[in-house]
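Respectively, the protein sequence lines represent chains A and Y. Quick note on my numbering: the first sequence kicks off at 275 and runs consecutively. Quick note on my numbering: the second sequence kicks off at 275 and runs consecutively. All residues carry an ideal CB built from backbone N, CA and C; glycine is no exception. Reading through the structure tokens given below for one structure.
2 protein chains.
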Amino acid sequence: MKKLINRVEDVVKEELEGVVAAHSDLVRVHFAPNYVVRADAPVSGKTAIISGGGSGHEPMHGGFVGMGMLDGACPGEVFTSPTPDQMVEAMDAVDTGAGCLLIVKNYEGDVMNFEMAAEMAQEAGGRQVATVLTDDDVAVPRSTWSTGRRGVAGTLVVEKIVGAAAKQSLGLAELTALGRQVNVRTRSMGVALTSCTVPAAGKPTFELGVDEMELGVGIHGEPGRKRARLATADAIAETLLGAIVADLAPTAGAECLLLVNGLGGTPLMELYLMVNAAQRILAGRGLQVTRYLTGSFVTSLDMAGCSLTVSLFDERTRALWDAPVKTAALCW
Amino acid sequence: MKKLINRVEDVVKEELEGVVAAHSDLVRVHFAPNYVVRADAPVSGKTAIISGGGSGHEPMHGGFVGMGMLDGACPGEVFTSPTPDQMVEAMDAVDTGAGCLLIVKNYEGDVMNFEMAAEMAQEAGGRQVATVLTDDDVAVPRSTWSTGRRGVAGTLVVEKIVGAAAKQSLGLAELTALGRQVNVRTRSMGVALTSCTVPAAGKPTFELGVDEMELGVGIHGEPGRKRARLATADAIAETLLGAIVADLAPTAGAECLLLVNGLGGTPLMELYLMVNAAQRILAGRGLQVTRYLTGSFVTSLDMAGCSLTVSLFDERTRALWDAPVKTAALCW
């Protein structure tokens, strides 16, 4: 295992210490239990948006905390759900009474722990809490980690749009409805060229031959749809977008966002090359890409590969996407 | 070779097509010869800042084109200098008579071609042209690619600060002096955990054992100071910063920027962990880190590893660093 780390048991703690140093203007980090909140939290009168999940997917979610996106994020250990106490404390740190919206990727551990935290916050704390589950991954109908589809890179689209709407003073019920609507209009699928290596395991999560790729891989290295021979960027984009568009069934000429997301070990050069392949294919299928996001945002440790996400936009969601955001990972 | 590409001869062209699609609000791209300019170029009355170099280091330099940083960037083929005709045409596209400052990393091919372009633009075009050479890499006094030290990640610090000063209407002579001053106050050193693989070569540039690292590696995979056994993040940071600080010889309590830069195949989690290690070590050596930048900005294709850069700041350079910037890769 080749990683820039010290002891494997300290990876998340030391990473968060780095975040504290690098981004003290944007966020505060609480340790034991671990959570990240906006530097100016709590923002009075604003519905609080909170997310979280296992570490190893950086910059998701801590890198999305800040003006116009998340109020708080709860990082678990690597590929391990955060615990309810982290979530309850994060809610306490960001909610001033307008309620908390939890954005949760559909994995069994995350769903269970966020549900428990929501109950605790409602019953003991008297908080208003609602949840949006993301399940944008079309690769498999269920997986080793989830009942139903997995939540992957589309989660950041939900977080950005809901975060912008929360800044415009929308209430908890409206934000919940909006988040669910964005999730329903968003689909993703990924491909791995290499496995990731979990620090505590010390060896690759799965084996992949020198000329093989895993189509539809999950962000923890879960099996996808198909092991296949390595193909060209164009052929890979065709396969991923074929599955996405078939599932999304957009109307002709529909407007969308294209997110080309690196999985952690893939350089930007290859991601831009995938942007080119993907936009040509989407245009050929009658979709109108009006917004792009390119970079490594929802990663799987050091995995080489990428995911493609298509999110159908309308005037309202496009305007919310375009609204200013200032976080460590997204800024415009 | 596992890469998201089509034909190796089309990598740069197809990547730039992706940039066109993704960033039409920020930049325009010209093909054959290839160069990237600000969407609003030329900016009347402003001294134009131009950089360039081989592709494979993305987002450098095209990702730094935009408000508050570069006016133009010339990407060569992978790890190959751009040609004088690219540079001359880029100068024609951005200079409105206030002159062009060329920021050039110290590699023989880049230096020669930018010199030739400067002569052509001065003699045939009647342009005012000046050059700042960057040579921030302390690893080796000369290398297979350079006479003297190599220019690496510190180049982006020069580009950001000079770009901000150009926006404040400084003239060519002042910008040249400022760029040289920032370069002199900036030092870097990197480490590779894996080799990169050049698409046209199809195999790793160098061999590295499973428990080995290359200390002081160059951004084209050039040999560094020492092949060593893989060490902890703390020990690596100590080695890199030891070399940097010894060479920089800062006064006690000096203020600096710390740039932790990923080389293309290294996930953000590890970079934040390095931020933590580096800031502790710099504090122990009496340096005051007041600004941080963390991410993969000056890469070496898919190489795993990172570089650390320390740039001494004063009130003026800190303010120029903090000045607004809006490019694909840097935004605040």
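Please return the same chain residues whose Cβ sits closer than 7 Å to the Cβ of residue i, not counting the five positions on each side in sequence.
i: A:GLU496; result: SER417, THR418 and TRP419
i: Y:ARG499; result: ALA413, VAL414, LEU489 and GLY490
i: Y:VAL426; result: ASP410, ASP411, SER462, GLY464, ILE493, VAL572 and SER581
i: Y:THR450; result: LEU375, ALA404 and VAL406
i: A:ASP508; result: ALA551
i: A:ALA392; result: LEU376, VAL403 and THR405
i: A:ARG459; result: SER585 and LEU586
Under 9 Å between beta-carbons, which chain A residues line up against residue i? List them in chain order, please.
i: Y:ASP521; result: The contacting residues do not exist; Y:ASP521 stays about 22 Å from chain A at best.
i: Y:TRP606; result: LYS600 and CYS605
How would you list, in chain order, the residues of chain Y whose beta-carbon sits under 8 Å from the beta-carbon of residue i?
i: A:SER329; result: MET543
i: A:PRO333; result: LEU542
Leaving out five residues on either side along the sequence, give the residues of the same chain with a beta carbon under 6 Å from the beta carbon of residue i.
i: A:ALA578; result: LEU467, THR468, GLY539 and THR540
i: A:ASP359; result: PRO307
i: Y:LEU242; result: An answer regarding residue 242 of chain Y cannot be provided, because it is not within the stretch 275 to 606 covered by chain Y.
i: A:VAL260; result: Outside the shown range of chain A, which is 275 to 606, sits residue 260 of chain A, and nothing can be said about it.
i: Y:ASP366; result: none
i: Y:ASP384; result: GLY327, SER355 and VAL378
Can you give the beta carbon distance from residue i to residue j, rounded, assuming they're within the 8 Å contact cut?
i: Y:MET487; j: Y:LEU515; result: Not quite, the Cβ-Cβ distance comes to about 16 Å (not below 8 Å), so this is no contact.
i: Y:ASN280; j: A:THR506; result: 5 Å
i: Y:GLU351; j: Y:VAL286; result: 6 Å
i: A:VAL519; j: A:ARG559; result: 5 Å
i: Y:PHE338; j: Y:LEU430; result: 6 Å
i: Y:CYS470; j: Y:LEU542; result: Contact flag wrong, Cβ pair sits at about 19 Å.
In terms of residue numbering, what span does the beta strand (DSSP E) encompassing residue i cover?
i: Y:GLU351; result: 346-352
i: A:ASN380; result: First-last for A:ASN380: undefined, no H or E at that position.
i: A:ARG454; result: From DSSP, A:ARG454 is part of no beta strand (DSSP E) but of the alpha helix (DSSP H) over 446-458.
i: Y:GLY328; result: 322-329
i: A:THR540; result: No beta strand (DSSP E) holds A:THR540; DSSP gives it neither H nor E.
i: Y:VAL534; result: 529-536
i: Y:GLY516; result: Segment 507-522 is the alpha helix (DSSP H) holding Y:GLY516; no beta strand (DSSP E) there.
i: Y:THR471; result: Where Y:THR471 is concerned, there is no enclosing beta strand (DSSP E), given that its DSSP letter is neither H nor E.
i: A:LYS277; result: Premise fails: A:LYS277 is in no beta strand (DSSP E) and is neither H nor E.
i: A:VAL584; result: 579-586
i: A:LEU489; result: 486-489
i: A:THR405; result: 403-408
i: A:ALA502; result: 500-503
i: A:HIS304; result: 301-304
Locate the alpha helix (DSSP H) running through residue i, then write down its first and last residues.
i: A:VAL362; result: 358-368
i: Y:ARG590; result: 589-596
i: Y:GLY292; result: 285-296
i: A:GLN562; result: Not the alpha helix (DSSP H): A:GLN562 falls in the beta strand (DSSP E), residues 562-569.
i: Y:VAL436; result: 428-441
For residue i, which residues from the same chain have a beta carbon less than 8 Å from its beta carbon, with the 5 sequence-adjacent residues on both sides left out?
i: Y:LEU532; result: VAL549, ALA552, GLN553, LEU556, VAL563, ARG565, TYR566, LEU567, LEU582, THR583 and VAL584
i: A:VAL599; result: GLY340, MET341, GLY342, MET343, LYS434, GLY437, ALA438, CYS605 and TRP606
i: Y:PHE305; result: LYS287 and LEU290
i: Y:THR479; result: SER469, CYS470, THR471, VAL472, HIS494 and GLY495
Rounding to the nearest angstrom, what Cα-Cα distance links residue i and residue j in this structure?
i: Y:LEU452; j: Y:LEU446; result: 10 Å
i: Y:ARG423; j: Y:VAL465; result: 16 Å
i: Y:GLY326; j: Y:PHE571; result: 14 Å
i: Y:ALA526; j: A:GLY319; result: 46 Å
i: A:ALA322; j: Y:GLU481; result: 50 Å
i: A:LEU376; j: A:GLU291; result: 25 Å
i: Y:LEU547; j: A:GLY536; result: 20 Å
i: A:ALA242; j: A:THR591; result: Missing from the structure shown is residue 242 of chain A; chain A here goes from 275 to 606 and no further.
i: Y:TRP595; j: A:ALA295; result: 17 Å
i: Y:GLY569; j: A:ASP369; result: 31 Å
i: Y:GLY336; j: Y:PRO349; result: 7 Å
i: Y:ASN387; j: Y:LYS441; result: 27 Å
i: Y:GLY330; j: A:ASP588; result: 36 Å
i: Y:ARG428; j: Y:ASN380; result: A quick correction: the sequence has Gly, not Arg, at residue 428 of chain Y. Each residue's Cα considered, the two are about 12 Å apart.
i: Y:GLY371; j: Y:ASP314; result: 16 Å
i: Y:HIS297; j: A:GLY400; result: 46 Å
i: A:ALA398; j: A:VAL317; result: 22 Å
Starting from the beta carbon of residue i, find every residue of chain A whose beta carbon is closer than 8 Å, and list them in chain order.
i: Y:TYR566; result: ALA295, ALA296 and HIS297
i: Y:MET548; result: LEU278 and GLY292
Using a C-beta to C-beta distance shorter than 7 Å, which residues of chain Y count as neighbours of residue i?
i: A:LYS277; result: GLU544
i: A:LEU452; result: Chain Y residues near A:LEU452: none, gap ~25 Å exceeds 7 Å.
i: A:ILE510; result: LEU278
i: A:GLN455; result: The premise fails here: A:GLN455 is roughly 25 Å from chain Y at the closest Cβ pair, so nothing lies under 7 Å.
i: A:GLU288; result: LEU547 and ASN550
i: A:ALA507; result: LEU278, ILE279 and ASN280
For residue i, go through chain A and note every residue whose CB falls closer than 7 Å to its CB, in chain order.
i: Y:CYS580; result: LEU278
Please tell me whether, using a cut-off of 7 Å, the distance from the CB of residue i to the nearest non-hydrogen atom of the ligand FAD is below it.
i: A:ALA447; result: With respect to small molecules bound, the structure shown includes none, and the ligand FAD cannot be examined in it.
In chain Y, which residues lie less than 9 Å from residue i when you measure between Cβ atoms?
i: A:THR573; result: PRO541, LEU542 and MET543
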